Amino acid sequence: MKRREFIALVGGAVLIWPFAASVQSPDNRVQILVDRILRMQAEAIAEKVDHFIKEVEGHVGWAAGPVSAGNLAPRRLDFLRLLRQVQNITEVSYIDTNRREQIKTSRLAMDALTSGTDFSQDPKFTQARANTRREPGLFPQQVGALHHLGYRRERRLRHCRRSQSQGGPRHGDCDKGRRSRCRLRGRYSGPRHCAFGWGHGPARFFGSRPCTSSDLSWPNSRSTNRSRHQWAPSNSHLRNCREANPRVLWSCRLRRPRSDKMVERVVINLNTANTLALTVSPSLLARADEVIE
Amino acid sequence: MMIRRRQFIVLLGSAAVAGPSSAQSQTAGPPIVGVLSPISSMAAARNVEALREGLRELGYIEGRNIAIELRFADGAVEPLPELAAGLVGLKPAVIVAGSPSAAIACHNATRTIPIVMNCSSDPIALGLATSMARPGGNGTGFWWGGEGLIGKRLELLKETVPGIQGVGVIINPDDATNREDLASLPATSNALAIATRVIEVRSPEDFDAAFGLAEREGLQGLYVSTTPLFVSHRGELAARAESARLPAIYGFRDFAFAGGLMAYGASLADMYRRKAGLIDKILKGTNPADIPIERPTRFELLVNLKTAKALILSVPPTLLARADEVIE
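Pasting the structure below:
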């Protein structure tokens, strides 16, 4: 009799235990629920931060064109326009292949042209190198443009062997028969590189079709009907990019259409002004987003 | 027994008299937001309106669920302690202090009522906070010093007048922020290859002497520092600079609208709008000691082309391209 009682007791306890546990610990369930809500909130915040960073990077992409000794002043003007349009960016620097600063425009500090400041050991630069692939929530709330530019610069340096041993790639490298030096050769089916050479950054990775000036133009430049937003990378193109190099996927994403970001445009038709014998003031020209000549 | 009865009646009577007044001061009516502005009511109107707008966006309607009490010092430092004490006497839920000196006055008047401040000087150095991330006391808000905007402003002045050699730097030595600015002045003048001459102005009576000195020394430009005294007398300063044919740069947009050639600095209106968010947090129970001190995100460059024309200056297109507002 005692044995039977003991067995019944043990069996009953085994059967009832999960139910009893769930009934007896409401605090645990509340805690689980709270944790879940907090996790969801954290994910939502991380998504917001990620979106903010992407937006800033997209804006910086407008001004991240090639810089040479001859076009420092126009490029600085591009940076100034970028600062005027995007309040979230406080400072933009262009760092050359030797990791030396060529242009700096800032809201707080004095601007600099060809300062030559060495950024190779700067945490902003080295951390940008490390963060080539990122996860939501790992970045700080505000992104310096310098961080972004440094990140892209590093990606380009890895892309071409010339960068490490021969002083860095130069404008037009890809057009001079040096394509075979590229580590990515054979990965793409179509023309691989940007017709404008190395300095154009992510555009050169558009393997499924040759990139054109319309991909690269600064939207406020004196252009007529250049729409860099007309083309978006196809899924197959993204897949090719991903196979070639995980970083390339990110570069392709940067080039997705963003035409809706423009909030205001001032377009001046100088032909009409000439016909009307009008002289458009320099101040107005400076403020124009597009000038038709 | 008689004594007990009398005590009871006195106690009851005093409670009946004192009860309503103390209850009214603590609970009746909406929470009060006290604003201590170091400048005049006219100069501060835009900022106060921005604060009201920010509060409205968060659902606070003045007179219904929030009350705003304004005090103005009209550019003087001396009345600030008295005004701060007066505000503290109203038992506000939050005090908004519009300058470092106003923040110090409020800090001296109370260590319990939360203070949301505008601080161009380092709040840690002033003893208003223990760290930027966790202020630790009853003060939080905005801090925009430490980055040497004096360098940026002088650079913009030189860009406007490329051949400038000597610049007068008008400061108020009674203002701690102005003294901090002077620390970075030698490096800035070296970098820009200009000679700077510090001119001290403590009151409007010193304006004559200051502009006389600028004329005697043959200075070609002026930097007018940001201090409540100058903000309150911005019209007079701008007019004197124009009549002395001195291109000048100032710290706030109001100077450009008052006739100053150009102004570059943090947007005060934007900061006041964002202060509403901090007030909201405090009213909802967040301890100000845990609210990080923020930095301004919006900086404004204003160019007054009318003044430029009067000074026979041609403003370069690069400057106009970056200007947030051009007054024509």
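Note that the protein sequences, when read in sequence, are chains A and B. Residue numbers for the first sequence follow my numbering, so the first one is 1 and each next one is one higher. Residue numbers for the second sequence follow my numbering, so the first one is 1001 and each next one is one higher. We put the beta carbon where it would ideally sit given N, CA and C, even for glycine. Just so you know, these numbers come straight off a predicted model, no measurement behind them.
Is DSSP giving Gly-958/B helix, strand or coil here? There is no way to answer for residue 958/B, as the model of chain B reaches only from 1001 to 1328.
Can you check whether the C-beta of Leu-1311/B is within less than 9 Å of a C-beta belonging to chain A? no
Which term fits Val-281/A, buried or exposed, when burial requires 16 or more other beta carbons within 10 angstroms of its beta carbon? Looking at the sequence shown, residue 281/A is not Val but Ser. Answer is exposed; the Cβ neighbour count stays below 16.
In the DSSP assignment, find the alpha helix (DSSP H) that holds Glu-1236/B and state where it starts and stops. Start and end: 1234-1243.
Just curious, the beta strand (DSSP E) that Glu-1069/B is in, first and last residue? 1067-1072
Verify the CB distance criterion: does Leu-77/A have a CB-CB separation below 9 Å to chain B? yes
Can you pull the DSSP bridge partners for Val-1167/B? Thr-1196/B and Gly-1221/B
Could you compute how far the alpha carbon of Asp-118/A sits from the alpha carbon of Val-67/A? Asp-118/A and Val-67/A have their C-alpha atoms some 17 Å from each other.
Residues in the stretch 1051-1064 of chain B with C-beta within 9 Å of chain A's C-beta atoms, listed in sequence order? Cβ contacts with chain A: none found.
Using three-state DSSP, classify Phe-1257/B as helix, strand or coil. helix
May I have the straight-line CA-CA distance separating Pro-1110/B from Ser-120/A, to the nearest angstrom? It should be pointed out that residue 1110/B corresponds to Thr in this sequence rather than to Pro. The alpha-carbon atoms of Thr-1110/B and Ser-120/A are separated by roughly 49 Å.
List, in chain order, every chain A residue whose beta-carbon is nearer than 7 Å to that of Glu-1155/B. Met-110 and Asp-111
Length of the line joining the Cα atoms of Arg-1274/B and Phe-125/A: 32 Å
In the DSSP assignment, the beta strand (DSSP E) including Thr-1140/B goes from what residue to what residue? 1139-1143
Distance, Gly-1259/B Cα to Leu-138/A Cα: In this prediction, Leu-138/A scores a pLDDT of 27, lower than 50, which makes its location untrustworthy; no coordinate-derived value is stated.
C-alpha distance - Thr-1307/B paired with Leu-1301/B, whole-angstrom precision: 15 Å
On the DSSP bridge list, what partners appear for Leu-1301/B? Tyr-1264/B
Count the other C-beta atoms from every protein chain shown that fall within 10 angstroms of the C-beta of Pro-219/A, then say buried if there are 16 or more, exposed otherwise. The pLDDT assigned to Pro-219/A is 34, lower than 50, so where the model puts this residue is not dependable, and the model offers no usable value.
Cβ of Arg-1322/B within 9 Å of any chain A Cβ: yes
Along chain A, in chain order, which residues have C-beta atoms closer than 8 Å to that of Ala-1191/B? Within 8 Å Cβ-Cβ: Met-110.
Rounded Cβ spacing between Ile-1164/B and Gln-1220/B (contact assumed at less than 8 Å): Their Cβ separation, rounded to whole angstroms, is 5 Å, which keeps Ile-1164/B and Gln-1220/B in contact under 8 Å.
What does Gln-87/A reach in chain B if we use C-beta pairs closer than 7 Å? The contacting residues are Thr-1297 and Arg-1298.
Quick check: the stretch 1140-1154 of chain B against the stretch 1105-1123 of chain B, are there 3 or more CB pairs under 8 Å? yes
Mind checking if Thr-270/A is an interface residue toward chain B, Cβ cutoff 9 Å exclusive? Before going on, a small fix: residue 270/A reads as Leu here, not Thr. Not an interface residue.
Consult DSSP for Gln-102/A and reduce its assignment to one of helix, strand or coil. strand
4 or more residues per run - each alpha helix (DSSP H) lying fully within the stretch 63-93 of chain A: 72-85
CB contact below 9 Å: Thr-126/A versus chain B: no
Determine the burial state of Met-1271/B: buried for a count of at least 16 other Cβ atoms within 10 Å of its Cβ, exposed for fewer. buried
Whole-angstrom distance between Ser-115/A and Lys-104/A, CA atom to CA atom: 8 Å
Give me the residue from Tyr-1264/B, Pro-1030/B, Ile-1039/B and Ser-1232/B with the minimum Cα distance to Glu-1062/B. Pro-1030/B
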